[in-house]
Amino acid sequence: MSGLQGAGSSALPALIALALHPEPRVRGRVAQVLGNLGGSDAAPVLGGLLRDTDQDVSLRAAAALARLEVHAVPPAVSALHDPRPEVRTRAATLLGRVSLPAGTDALIAALADDSPSVRREAAESLGRHAAPHSVDALMRAFWDCEPLVRDRAATGLVRLGGAAVGALERAFRHHGTGDRIRIIGVARQVGSQALPLLIQALEADAADVRRAAAYALGQLGSRSALPVLKGRLPRFGWIGGERDTRVLQAVRSAIEQITSRTDAVANLPVPGTPDCPDLRALPLPGNDPDAQGDPLEKDWRGAMP
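All residue numbers for the sequence shown refer to my numbering, where the first residue is 204 and numbers rise by one.
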């Protein structure tokens, strides 16, 4: 086998034949050699080994295909139709390594797979692709019955950033308290582009939603939210404003977080002032006429016999 590895592409016919060898150990070694060989010619053979009945051979083929980058996409897409969920799971993971439209579309379809592990890896890989047209599919996966699938979908929506905000806003309008709190959690991680959604959530009927929105705005730290947050405070201590004490506590905490953060930035010392000397004006080592050498070096040399 080592001789075939050194023969380059001329060894491909022999490797194709050995890929059908009855011994799994031999087929696994073929997968490794093909991964080292690389190229589009190795991809179909590795695709067949990816669907091998022996788990170790299939794993070695998946690792080898990962090294082929774009050439790995067609066999991985094909493997998503394998009857075994473990093979489909490996294929979904593999497609996360290379972002191509064909792979993205196959992963969107895989989110409807019967196997939770396939849906989980499909959502994870779609998050890596961060393709805007996958937002609706990830939003559907956000409501999956399996917690791990939901978590991977949430991560994918965060990676999409502003492209996910519209879908999050639509979902917020059509779901109840618990789901709205989950949406707020994603919106907070999306960042400033989701600020309008978080501000809208402060007007929700459910106190728990308003409380979650206030905390999220505090963690986001945008001064743009201060007027809205301060508007939730009662005037003169008792007129109007937020009535729920827990929400009011969250609103005050958010205001304090934002103002303390912005005040800290405003109070940073200005370079060139006594509190923050301009490092560019300091003498470089060896250029100071008053320096008598490195005292640490002097002490070290003085300690020598």
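Even glycine gets a Cβ: it sits at the ideal position worked out from N, Cα and C.
For secondary structure counted as the alpha helix (DSSP H) over 4 or more consecutive residues, the stretch 340-419 holds these complete runs in sequence order: 350-363, 368-376, 380-393 and 398-404. Excluding residues up to 5 positions away in sequence, Ile387, Ala390, Arg391, Ala416, Ala419, Leu420, Leu423 and Ala428 lie with their Cβ nearer than 8 Å to the Cβ of Leu401 in the same chain. Scanning Pro286, Gly306 and Gly364 for the CA closest to the CA of Val273 turns up Gly306.
In the three-state scheme derived from DSSP, where H, G and I count as helix and E and B as strand, Arg438 is classed as strand. Assignment of Gly242 by DSSP, reduced to helix, strand and coil, places it in the coil class. Only residues of its own chain outside the window of five on either side were considered, and among them Arg230, Val233, Val248, Gly251 and Leu252 have a CB closer than 7 Å to the CB of Ala222, listed in chain order.
Excluding residues up to 5 positions away in sequence, Asp257, Asp259 and Val260 lie with their Cβ nearer than 7 Å to the Cβ of Pro227 in the same chain. Collapsing the DSSP output to three states places Ala267 in a helix. With a contact defined as Cβ atoms closer than 8 Å, Ala294 and Ala282 qualify at about 4 Å.
The continuous alpha helix (DSSP H) containing Arg291 extends over residues Pro288 to Leu298. For Thr256, no alpha helix (DSSP H) segment is defined, and its DSSP state is neither H nor E. With respect to the C-alpha of Ser337, the residue from Arg413, Ala366 and Ala457 having the closest C-alpha is Ala366. Contact annotation, Phe345 with Ala334: C-beta distance approximately 16 Å; criterion of less than 8 Å not satisfied.
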